[in-house]
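For reference, the structure discussed in these notes is given below.
Right under this line is the structure:
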């Protein structure tokens, strides 16, 4: 989750690798439009993370790049 990035992963990476550039990657992109996933998230009053939300967190942590991909559909993997 974006909350885990900010509260757990980013501080840990900065602690152990203070000078390493960060690339934030949003995965499972195919689930953003998946009806079952949307319904499950809705039950918890959540929505899929948008590109803009991911990009905002990437900027907030000073990531050098924000990317999204799907291993299932290969979206974002093939250039």
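Numbering (the working numbering), first residue to last: 1 to 79.
Backbone N, C-alpha and C define an ideal beta-carbon position, used for all residues, glycine too.
Identified DSSP bridge partners for residue i
i          : result
residue 66 : 24
Environment of residue i [buried if 16+ CB atoms lie within 10 Å]
i          : result
residue 62 : exposed
residue 23 : exposed
residue 57 : buried
residue 5  : buried
Rounded distance between the beta-carbons of residue j and residue i, thought under 8 Å
i          : j          : result
residue 31 : residue 48 : 7 Å
Nearest candidate by alpha-carbon position, reference residue i, set the options
i          : options           : result
residue 55 : 16, 25, 10 and 44 : 25
residue 72 : 28, 11, 34 and 12 : 28
residue 76 : 51, 41, 42 and 64 : 51
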